[in-house]
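Inspection log for the structure reproduced underneath, given as structure tokens.
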Amino acid sequence: MEQSAASNAKIEVRNLTKKFGDLLVLDRINFNIKKGELVAIVGPTGCGKTTFLNCMSKLTDTTDGDIFIDGVPADPVKHNLAFVFQEPTALPWRTVAQNVVYGMEVKGVPEKERAERLEYILNLVGLKDTADLYPNQVSASMMQRIAVARAFAVNPDLLLMDEPYGQLDVKLRFYLEDELVKLWQTLNSTVLFITHNIEEAVYVAERILVLTPKPTKVRAEVIVDLPRPRNFLDPRFVEIRRQVTELIRWW
Amino acid sequence: MAYQTVKARKSLKLRVLPWLSLTAVILIWQFCVSPPGVNDWRIPGVLLARPYDVLLLGIEKLTDVNPDGATLLVHAWVSLQESLSAFLLSLLVGIPLGLMMGWFGVVRGLFRPVFEMWRPIPPVAWIPLAIFWFGIGMEGKIFIIWLGGMTPCIINAYMGVKTTNPVHIQMARTFGASDWKIFTSICIPSALPMVFGALQIALGNCWTTLVAAELLASDQGLGYLITAGRSIGRTDIVVLGMISLGITGVIISQIIYRIEAKLLAGIRR
Ligand SMILES: Nc1ncnc2c1ncn2[C@@H]1O[C@H](COP(=O)(O)OP(=O)(O)OP(=O)(O)O)[C@@H](O)[C@H]1O
Ligand SMILES: [Mg+2]
């Protein structure tokens, strides 16, 4: 088996390249993520963010390069990955609780532990009261919380989130962003969060990777070393947001 | 509650209308056909029986085995047995086969060409072979009716799996779910509403095929009653057979409809 250059990174992306026929979408992308980090990726629409995540989770094959988790090529069967998609993915025939349990069920988490973790996570994301409802009976934000809870419930090595709050209104977004940060801090997960909303990236992430338009590379890396809870009006917050926006102007 | 289903309220007028039209049809029919032995401007009795005579015959046939060899209830019972067992068989075989064809490439590759070839052949075309293989007993008819019921089961189950939301499949994949796990936990539940939709269609197919099968080869059953009536020139027996088919058909399709509604409510969409 291919072994990566030893380092202390949890996730290493090496020369990740993806072509659709002749269309070069991802062009030799390189970066690392440390254990327990929350990294945001911002990039223009259609630059290949979703394609990138699909490569990470092996939903699509890569053309070249590889992704290593703990030094081993990433594999959803071996590794504990979880994915929150752009679209709602709650299964309509399962109740909220049954949906949250789904990931653990696939991973073969023992019955007893499953029940405990379910209880814990439902309380954490505030889905306790709606646990027995069906997805068509809850609101759009609840749907996304189901997906987030389902993902966190498997204690993933790496949680991939593809613009999870893109479709929601501003107020709900703020609320769910806070909730995400809380979950991440409580559960100590490693999270890769994709968005095209700069403010959102600065608000949640410890580090931001700015992508170029197609063919996509990592243009720059911005460290966000602000204390939490963060404040949108904090001058340093505004400064970092300006800095990222400036990088994006280059598009 | 905001999410309760809205119940359409039927007005009295809408309740009465179907009965009104049914009564009107029966009355007009009764009036337009000559009574036995009478020869006037109306439709002669050798071409069509009057509803009243059919009713009388029906009551008589509850106990009398003449002239066709069995009482009405025996005929109905034979037909029910044949069609329901064939119906169940087609669900048992068709639904799993369709579901598997929808998800597993190997199963699709194996069965699709055979299915495409077999589908345009009307079940009735199998009657001669069925007689060679099974004689004119119940097995042969069940075989033919089963063929008729299979098509909607296979197609609906197949389409149900095919129309599974791809994001649900991707979601399961990112958790590392196996193909089998995706099939059982994602594809089958998504396909269920369409599979239940097949129940009515399959039953309808079975019931029509039943008549065809019995018309050609049998000695009991409602379809046979019709043939028997024709061969001795009794229009009232023919019409009695037809009406019994209609009524029994409505009753079982209502039962299936109830079951279907229960099942659908159970999976709450
Ligand atoms: N299966 C495919 N076949 C061919 N081209 C594809 C395929 N999937 C994506 N692409 C192309 O790759 C590029 C990147 O698509 P992708 O969906 O990854 O962008 P994105 O950054 O996620 O966009 P958005 O911000 O709209 O979510 C697009 O130009 C798209 O046309
Ligand atoms: Mg996308």
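Chains A and B, in that order, are what the protein sequence lines are. Each residue of the first sequence is one higher than the one before, counting from 0 in numbering that gives the first Met the number 0. Each residue of the second sequence is one higher than the one before, counting from 0 in numbering that gives the first Met the number 0. We treat Cβ as the ideally placed atom computed from N, Cα and C, and that holds for glycine.
Is it buried or exposed for A/R93, if we count other Cβ within 10 angstroms and need 16 for buried?
With 16 or more Cβ atoms within 10 Å of its Cβ, A/R93 is classed as buried.
Where A/E86 meets chain B, residues with beta-carbon distance less than 8 Å:
Within 8 Å Cβ-Cβ: V166.
B/D52 versus B/I130, B/A227 and B/L26, residue with shortest Cα-Cα distance:
Comparing Cα-Cα distances from B/D52 to each of B/I130, B/A227 and B/L26, the minimum goes to B/L26.
For A/V120, I'd like the list of residues in its chain whose CB is within less than 7 Å of its CB, leaving aside the five on either flank, ordered along the chain.
Note that residue 120 of chain A is Ile in the sequence shown, not Val. Closer than 7 Å at the Cβ level, and outside the excluded window around A/I120, lie V99, A148, F151 and A152.
What ranges does the alpha helix (DSSP H) occupy inside the stretch 30-82 of chain B, keeping only unbroken runs of at least 4 residues that lie completely in it?
Within the stretch 30-82 of chain B, the complete alpha helix (DSSP H) runs of at least 4 residues are 50-60.
Which residue from B/V194, B/F195, B/I154 and B/A212 puts its Cα closest to that of B/R107?
The shortest Cα separation from B/R107 among B/V194, B/F195, B/I154 and B/A212 belongs to B/I154.
Using only the alpha-carbon positions, how far apart do B/G136 and B/A190 sit?
Looking at the two C-alpha atoms, the distance is approximately 36 Å.
Could you say which of B/T234, B/P112 and B/V77 lies nearest to B/V210 if we only look at CA atoms?
Shortest Cα-Cα distance from B/V210 to any of B/T234, B/P112 and B/V77 involves B/V77.
So if I measure from each beta-carbon to every heavy atom of ligand 1 and keep distances below 5 Å, which residues remain?
This criterion selects A/F19, A/V24, A/T44, A/G45, A/C46, A/G47, A/K48, A/T49 and A/T50.
A/L208 - containing beta strand (DSSP E), residue span:
For A/L208, the uninterrupted beta strand (DSSP E) run begins and ends at R206 to L210, by DSSP.
Going along the chain, which residues of its own chain have a beta-carbon closer than 8 Å to the beta-carbon of A/G102, five neighbours each way excluded?
If you ignore the 5 residues before and after A/G102, its C-beta comes within less than 8 Å of the C-beta of A81, R149, A150, A152 and V153, all in its own chain and listed in chain order.
Should A/V223 go down as buried or exposed, given a rule of 16 or more other Cβ atoms within 10 Å for buried?
Counting every other CB atom within 10 Å of its CB across the protein chains shown gives A/V223 a total of 16 or more, marking it as buried.
If we cut at 7 Å on Cβ distances, does B/R14 have a partner in chain A?
B/R14 does not count as touching chain A.
Applying the criterion that 16 or more other CB atoms from any shown protein chain within 10 Å of the CB defines a buried residue, is B/L21 buried or exposed?
Burial check for B/L21: the Cβ neighbour count within 10 Å stays below 16, so the residue is exposed.
Own chain partners of B/L239 with C-beta closer than 6 Å, once the 5 adjacent residues on each side are dropped:
Excluding its 5 nearest sequence neighbours in each direction, B/L239 has C-beta neighbours in its own chain below 6 Å: V53, L56 and G57, listed in chain order.
Helix, strand or coil for B/I126 per DSSP?
Residue state, collapsed to three classes: helix.
Any contact between the stretch 69-89 of chain B and the stretch 139-155 of chain B? By contact I mean 3 or more CB pairs, one from each, below 8 Å.
Yes, the stretch 69-89 of chain B is in contact with the stretch 139-155 of chain B.
Tell me, to the nearest whole angstrom, how far the beta carbon of A/V87 is from that of A/M142; I am working on the premise that it is less than 8 Å.
Going by the sequence as given, residue 87 of chain A is Pro instead of Val. Contact between A/P87 and A/M142 holds: their C-beta atoms lie close to 4 Å from each other, under 8 Å.
Test: A/W92 CB closer than 7 Å to a CB of chain D:
Going by chain labels, chain D is absent from the structure shown, which instead holds the protein chains A and B.
Any Cβ of chain A within less than 7 Å of the Cβ of B/P188?
Yes - at least one Cβ of chain A is within 7 Å of the one on B/P188.
Quick test of the definition: if touching needs 3 or more C-beta pairs under 8 Å, does the stretch 227-243 of chain A touch the stretch 65-76 of chain A?
With the cut-off at 8 Å, the stretch 227-243 of chain A and the stretch 65-76 of chain A do not touch.
Taking Cβ positions, are A/I197 and A/T129 nearer each other than 7 Å?
Not in contact: A/I197 and A/T129 (Cβ atoms no closer than 7 Å).
Determine the extent of the beta strand (DSSP E) in which A/V221 is found, giving its start and end residues.
Element bounds for A/V221: V217 to I222.
Stretch pair the stretch 58-71 of chain B + the stretch 213-225 of chain B: three plus CB contacts closer than 8 Å
Yes, since at least three Cβ pairs between the stretch 58-71 of chain B and the stretch 213-225 of chain B fall closer than 8 Å, the two stretches touch.
Quick one: Cα of A/A146 to Cα of A/E11, how far?
A straight line joining the alpha-carbon of A/A146 with that of A/E11 spans about 25 Å.
Exposed or buried, what is B/M100 when buried is set at 16 or more other beta-carbons lying within 10 Å of its beta-carbon?
That one is buried.
Leaving out five residues before and five after B/I251 in sequence, what residues of the same chain have Cβ atoms less than 7 Å from its Cβ?
Within the same chain, B/I251 has close Cβ partners L202.
Quick check on this structure: which residue in B/L79, B/P122, B/A260 and B/L47 has the alpha carbon closest to the alpha carbon of B/A197?
Comparing alpha-carbon positions, the option among B/L79, B/P122, B/A260 and B/L47 lying closest to B/A197 turns out to be B/A260.
Report buried or exposed for B/K60, applying the criterion of at least 16 other Cβ atoms within 10 angstroms of its Cβ.
Buried: at least 16 other Cβ atoms inside 10 Å.
Reducing DSSP to helix, strand and coil, say where A/E110 ends up.
A/E110 falls in the helix class under three-state DSSP.
Just confirm the distance between the C-beta atoms of B/A48 and B/T234, as a whole number of angstroms; I'd bet it's less than 8 Å.
Right, their Cβ atoms sit about 4 Å apart.
Own chain, CB closer than 7 Å to A/K127, minus 5 neighbours either side, in chain order
L121, listed in sequence order.
Starting from the Cα of A/E162, find the closest Cα among A/L23, A/V83, A/K18 and A/K57 and give me that residue.
Nearest option by C-alpha distance: A/V83.
Is it buried or exposed for B/V24, if we count other Cβ within 10 angstroms and need 16 for buried?
B/V24 is exposed by the Cβ-count criterion.
Determine the extent of the alpha helix (DSSP H) in which A/L175 is found, giving its start and end residues.
Boundaries of the alpha helix (DSSP H) around A/L175: V169 to L186.
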